[in-house]
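Visitor: Below you'll find the structure I mean.
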Amino acid sequence: MATAAAGAGALGPSSTAQAGGKRVLALIGDRYHNADYIRVALDRVLEGLNVAVDYTIDYDRLSRDALRNYALFLCLRDGMIWPGGYAGPDAYPYQQGLENRDFPDARSQNWLKEEQALALRDFVTAGNGFYSLHNNSHVSLSSKTYREVMGGAYIGHPALRPFKVRVVNTSHPITQGVHDFMVDDEQHYVEYDKDRKDILLEAENIDGLTFQNLGTKSIAGWAYDYGRGRVVFTSVGHTIHALWNPEYVKLQKRAVQWLLKEI
């Protein structure tokens, strides 16, 4: 697997790509998710898959031209940018509880433009893959087009806590050989808009804890064909130890292979 530096914001092909390896563009990192841990985590996931991955943090450069040389677009980031800055990387009140009391409240804006959403739609329709990870479902809140491709939208999540991820579709190529697993992560609750037969994973807080009266269970992953291409969403991913859960690594690898039409 070859990689390009995230810090460089490179959107072009990696100069050290393996011969014959398919190209992956990974848009990663936001206020709440440092790009460094995501890159380290995904390097292990993509290891051995004979893909050349270019990591970028440049959300504003996502376009038809940027996607042109890739077979798969992977995104692990939300839909927010903070042009006015913020006091800390978290969203908790104590960031302004001491010396920062006079700091203004942080205000977010949506970064996705409609032409970017249309570029992604056409990219997938043409036969390519889209892997939406963890909080990327948040981007769907700002674009009907993006949501139509991605398949759903973010509702919210409780704080980090243990929950179980169950494979609910054992016949799909992605879930072959993958077993249920426990993680200590954010249990994301999402709306799902497509056919329920395409749901792969379900998360459940087995301690009986709920979130916003939505119950203990949430949809945690799906996969379907879109045009001539394919789409996968999996919700686990706030921490590197969750991304590196052995069963989840296995599932993510198979998701990439399925998106690239290799299984």
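1478 is the number of the first residue of the sequence shown in the numbering used here; add one for each residue after it.
Think of the CB as a built atom: it goes at the ideal place given N, C-alpha and C, for glycine as much as any other residue.
If you're wondering where the values come from, they're calculated on a predicted model, not measured in any experiment.
At which residue ranges does the region 1584-1667 contain complete alpha helix (DSSP H) runs of 4 or more residues, listed in the order of the chain?
Guide: Fully enclosed alpha helix (DSSP H) runs of 4 or longer: 1591-1602, 1621-1627.
Visitor: With respect to the alpha helix (DSSP H) encompassing residue 1509, which residues constitute its N-terminal and C-terminal limits?
Guide: Segment: none, residue 1509 is in no alpha helix (DSSP H) and carries neither H nor E.
Visitor: Excluding the 5 residues flanking residue 1507 on each side, which residues of the same chain have their C-beta closer than 7 Å to its C-beta?
Guide: Counting only Cβ-Cβ distances below 7 Å, and skipping sequence neighbours, we find 1554, 1555, 1557.
Visitor: With DSSP as the reference, label residue 1738 as helix, strand or coil.
Guide: Reduced to three states, the DSSP call for residue 1738 is coil.
Visitor: Would residue 1640 pass as a contact of residue 1682 if the rule is Cβ separation under 7 Å?
Guide: Yes. Within cutoff.
Visitor: Whole-angstrom Cβ separation of residue 1680 and residue 1712, contact assumed at under 8 Å?
Guide: Contact flag correct, Cβ pair sits at about 7 Å.
Visitor: Measuring straight from C-alpha to C-alpha, what distance separates residue 1521 and residue 1531?
Guide: Whole-angstrom Cα-Cα distance: 14 Å.
Visitor: Is it buried or exposed for residue 1722, if we count other Cβ within 10 angstroms and need 16 for buried?
Guide: The residue in question, residue 1722, is buried, as its Cβ has 16 or more Cβ neighbours within 10 Å.
Visitor: Tell whether a beta-carbon distance below 7 Å holds between residue 1677 and residue 1649.
Guide: Closer than 7 Å, so yes.
Visitor: Just verifying my parser: in three-state terms, what is the DSSP assignment at residue 1727?
Guide: It is helical.
Visitor: Taking the straight line between their C-alpha atoms, what separation do you get for residue 1622 and residue 1703?
Guide: Going from the Cα of residue 1622 to the Cα of residue 1703 covers about 13 Å.
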